[in-house]
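By UniProt numbering, the letter at position 111 of the sequence shown is numbered 111, and the numbering carries on one by one without gaps.
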Amino acid sequence: MAITERLPKVLLIGDSIKIGYSPFVKEELKDTAQTVYLQENGRFSAFVLRMLYDCYHSPDIGTDVDLIYWNCGLWDVLRIMGDGPQTTIGDYQTYLKRIIKRMRKMYPDAKMIFALTTPVLEGESPNKEFIRYNKDIRDYNRAAQEIMSQAGIQTDDLYQITVGLPREYHSDWTHYTQEGYQYIARHVAETIKAELGKEKEE
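Quick look at the structure:
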C-alpha cells in the first residue's frame, strides 16, 4: 500500500480581513496544503498574542504547523473620538516582536509570512468618531516591515495588492465583497505556495 504524503499545514491568523479571505485561501490550497484557522477575529496585535494560545491548544489546528500567514494592524490604528491610535506605533512593534517570539516557541519549525494592513476608504466611514487613516496604516506597515526584516520574516504587501481595487470590490469602508476576498485569496494562496515551494527545493 502506498504511503500518502502529508500535506504541509498552513495556519491563518489575523483580523476580519483574514476571516474574509480564509475560506477562499483554503479552497485555493486544497491540493497543496491543509489550511487551518480559528473563526475568531484577531483584532488588535495584543489579542493576536493572546489568541495564539487558543490556536496551539485547538484540536482543529494542533502543534504541527509548517507555515503561519498572519496579520494585525487595522484595530491598532483605529482612532476613537479624536484620540490617537488604539495601539501606539512603538507598542505595535513591541507586540509584533512578542508574537514572533511566541510563534517560534510554539511552532519552532514553521515559516512565517506577515501580511501588511490593507487600506480603507477614508471618506466612507459611517461614524466620524470611529476612524482609520491610510497614512497611519502606511506608517504602521513600515514599522512592521522593519520588525519583520530584523526577524528574517517575509512580508506580503496586501496594501499594494488592494489599494487599487474598484469600489465594487468593497462591502464597506474597511471590508470587501466576496469577489474582493476571492481576489485577495488568490494572491495570498500564490504567496503561500511559493514559500512552500522553497522548502521542497531545499
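All C-beta atoms in this analysis are idealised placements derived from N, C-alpha and C, irrespective of residue type, glycine included. What you are looking at is a predicted structure, and each value in this text was computed from that prediction instead of being measured.
Beta-carbon spacing of residue i, residue j below 8 angstroms
i: Tyr-140; j: Thr-174; result: no
i: Ile-13; j: Val-65; result: no
i: Ala-185; j: Phe-24; result: yes
i: Leu-74; j: Arg-132; result: yes
i: Ala-151; j: Ile-100; result: yes
i: Thr-87; j: Ser-149; result: no
i: His-187; j: Ile-153; result: no
i: Val-36; j: Lys-9; result: yes
i: Leu-7; j: Cys-55; result: no
i: Arg-102; j: Leu-52; result: yes
i: Ile-89; j: Ala-33; result: no
i: Tyr-183; j: Tyr-169; result: yes
i: Tyr-176; j: Gly-42; result: no
Cβ-based burial, residue i [other Cβ within 10 Å; buried from 16]
i: Leu-96; result: buried
i: Ile-81; result: The amino acid occupying residue 81 in the given sequence is Met; Ile does not appear at that position. Exposed.
i: Ile-192; result: buried
i: Glu-190; result: exposed
i: Ile-3; result: Here the model assigns Ile-3 a pLDDT of 48, short of 50, so the residue's position is not dependable and the matter cannot be decided.
i: Asp-136; result: buried
i: Val-163; result: exposed
i: Arg-167; result: exposed
i: Lys-111; result: buried
i: Asp-76; result: buried
i: Glu-122; result: exposed
i: Gln-39; result: exposed
Residue interval of the alpha helix (DSSP H) (run including residue i)
i: residue 204; result: Any question about residue 204 goes unanswered here, given that the chain covers just 1 to 202.
i: Gln-86; result: Element bounds for Gln-86: n/a, residue is neither H nor E.
i: Tyr-159; result: 158 to 162
Reduced DSSP secondary structure (H/G/I, E/B, other) of residue i
i: Ile-17; result: helix
i: His-187; result: helix
i: Leu-12; result: strand
i: Gln-34; result: strand
i: Gln-39; result: coil
i: Arg-6; result: coil
i: Tyr-181; result: helix
i: Val-192; result: What sits at residue 192 in the sequence shown is Ile, not Val. Correct three-state label for Ile-192: helix.
i: Glu-202; result: Confidence at Glu-202 is low in this model, with a pLDDT of 49, below 50, so its placement is unreliable and no value can be given for it.
i: residue 272; result: Limits of the chain in this structure are 1 at one end and 202 at the other, which puts residue 272 out of reach.
i: Ile-80; result: strand
i: Tyr-107; result: coil
i: Ile-61; result: coil
Boundaries (first-last residue) of the beta strand (DSSP E) holding residue i
i: Gln-150; result: Element bounds for Gln-150: not the beta strand (DSSP E) but the alpha helix (DSSP H), 134 to 151.
i: Leu-67; result: 67 to 70
i: Ala-115; result: 111 to 115
Beta carbon proximity, residue i to chain D, threshold 8 angstroms
i: Gly-82; result: In the structure shown, chain D does not exist; there is a single protein chain.
- Is the segment 55 to 71 touching the segment 99 to 115, taking contact as three or more C-beta pairs under 8 angstroms? Result yes; three or more Cβ-Cβ pairs closer than 8 angstroms.
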